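Quick note: the sequence shown uses the numbering used here, first residue 512, plus one each step. The beta-carbon is built from N, C-alpha and C at its ideal position, and this holds for glycine as well. No experiment lies behind these values; they were computed from the predicted model shown.
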Amino acid sequence: MFWNRFQFSRDIGIDLGTANTLIHVSGKGVILEEPSVVAMDLEEGVPLAVGEEAKLMLGRTPGNIKAVRPLRDGVIADFDAAEKMIQTFIQKCNEGKGLLAPRIVIGIPSGITSVERRAVREAGLAGAREVYLIDEPVAAAIGASLPVTEPVGTMIVDIGGGTTEVAVLSLGGTVVSESLRIAGDEINDSITSYLKKNHGLAVGERTAEKIKIKIGSAFPDDNFDDTTYEVRGLHLSSGLPRSLTLTSKEIKEAMADPLNKIIEAIKRTLERTPPELAADIVERGIMLAGGGALIRGINDLVTQETGIFAHIAEDPLLCVVNGCGEILGDFRKLKKIVDTVDMGTNSIRN
Numbered sequence: 512m513f514w515n516r517f518q519f520s521r522d523i524g525i526d527l528g529t530a531n532t533l534i535h536v537s538g539k540g541v542i543l544e545e546p547s548v549v550a551m552d553l554e555e556g557v558p559l560a561v562g563e564e565a566k567l568m569l570g571r572t573p574g575n576i577k578a579v580r581p582l583r584d585g586v587i588a589d590f591d592a593a594e595k596m597i598q599t600f601i602q603k604c605n606e607g608k609g610l611l612a613p614r615i616v617i618g619i620p621s622g623i624t625s626v627e628r629r630a631v632r633e634a635g636l637a638g639a640r641e642v643y644l645i646d647e648p649v650a651a652a653i654g655a656s657l658p659v660t661e662p663v664g665t666m667i668v669d670i671g672g673g674t675t676e677v678a679v680l681s682l683g684g685t686v687v688s689e690s691l692r693i694a695g696d697e698i699n700d701s702i703t704s705y706l707k708k709n710h711g712l713a714v715g716e717r718t719a720e721k722i723k724i725k726i727g728s729a730f731p732d733d734n735f736d737d738t739t740y741e742v743r744g745l746h747l748s749s750g751l752p753r754s755l756t757l758t759s760k761e762i763k764e765a766m767a768d769p770l771n772k773i774i775e776a777i778k779r780t781l782e783r784t785p786p787e788l789a790a791d792i793v794e795r796g797i798m799l800a801g802g803g804a805l806i807r808g809i810n811d812l813v814t815q816e817t818g819i820f821a822h823i824a825e826d827p828l829l830c831v832v833n834g835c836g837e838i839l840g841d842f843r844k845l846k847k848i849v850d851t852v853d854m855g856t857n858s859i860r861n
């Protein structure tokens, strides 16, 4: 009995996100939340830093060091860097805990290809004895305490860093879904483009993300639209550093295009939902998860555009990783959900 508990305690759930990686360890909960960034020594080909330390190096490295984000649009873009990042994070979580490698459940975008799935699985095997994959919207729904195994329709919208996952679930499976490669990164890019076009100011991705967090808004709010934030960047005309004061109303305009595309994906998914499940969704509402759910007013925008009340999950950033952890906690019951991720569903990939 002791040995079984000893093995089980090492099992790991991973939300391998474009922006952040979160790890849940059985019996411990979420014990790691770090940026998905690796700083590589180009001469030696070895990682110098991973996670928060590496993120601080973005845009600030000399020629022999490169800080990279190994995941783009929810999939692995740099396999070697991703493998080293996963290995490092797993070692951090399992230092001194037993002899066996852990069983791992990894949340993945529902619309990625079989080749991309294989790349995630192989990267996970770098530090595991078994790797299981689960579609992110299913994991997010479990983590948000939605009744995914019951015969009722539930709708989850998981807005991450690289992808937005929209899915209607029932009886433990995905009925209809759409994986949209427009999410937090594209919202940051839209802010960067707006500043270049309208103010001639170039800023980095970290600064754009700060602007989004500080004064970003998806829905009109008279009490917030005039909120200001001072930003510093490179003035394109003079080539010199400059500062600029922005308003929330400006940033809402800058973010409008990617947010509208997310709304259209939600509407398309609703249009393809069977009538009985659609009726359940009208009654139960739409659940928003992921970092994008923290954008001010996004639930109001979804409610206005769809006519269905939108809720924000209690811990939107933790929904996917908590869902992976729930599966590990009741693996025999929920293993069927994991086993079906490679089977076909009525899904669309953009």
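Inclusion of residue 772 and residue 693 in the CB contact set at 8 Å is warranted, their separation being smaller than that value. Across the structure, residue 651 and residue 749 are spaced so that their CA atoms are roughly 47 Å apart. In this structure, residue 617 lies near residue 527, with their beta-carbon atoms less than 8 Å apart.
In this structure residue 755 touches residue 742 by the C-beta definition: roughly 5 Å separates them, less than 8 Å. Bridge pairing for residue 643: 616 [DSSP].
DSSP, read as helix, strand or coil, puts residue 778 in helix. When secondary structure is reduced to three states using DSSP, residue 840 falls in the helix class. Ranked by how close their Cα comes to the Cα of residue 581, the residues 789, 547 and 827 have 547 in first place.
C-alpha of residue 595 to C-alpha of residue 789: approximately 43 Å in a straight line. The stretch 575-592 makes no contact with the stretch 796-808, as fewer than three CB pairs between them are under 8 Å. Listed in chain order, the non-local C-beta contacts of residue 552 below 8 Å within the same chain comprise 558, 559, 575 and 576, local neighbours out to five positions each way being set aside. Contact fails between the stretch 811-819 and the stretch 704-717, because fewer than three Cβ pairs, one in each stretch, are under 8 Å apart. Per the coordinates, the alpha-carbon of residue 783 lies some 7 Å from the alpha-carbon of residue 687.
The alpha-carbon separation between residue 733 and residue 684 amounts to approximately 42 Å. Within the same chain, 699 come within 7 Å of residue 720 by CB-CB distance, once the 5 residues on both sides are set aside. Within the same chain, 570 come within 6 Å of residue 715 by CB-CB distance, once the 5 residues on both sides are set aside. Taken atom to atom, the span from the alpha-carbon of residue 838 to that of residue 746 is near 50 Å. Assigned with DSSP and collapsed to three states, residue 713 falls in strand.
Burial check for residue 836: the Cβ neighbour count within 10 Å reaches 16 or more, so the residue is buried. Judged by beta-carbon spacing, residue 542 lies within the 8 Å limit of residue 536, meaning their Cβ atoms are closer than that value. Between residue 691 and residue 675, the CB-CB gap stays under 8 Å. Counting along the chain, residue 531 sits inside the beta strand (DSSP E) bounded by residues 531-536. With contacts defined as CB atoms closer than 8 Å, residue 680 and residue 649 qualify as a contacting pair. Looking at the DSSP output, residue 740 bridges to 757. Here residue 761 is buried. Its C-beta has 16 or more other C-beta atoms within 10 Å.
Exposed is the label assigned to residue 555, since fewer than 16 other Cβ atoms lie within 10 Å of its Cβ.
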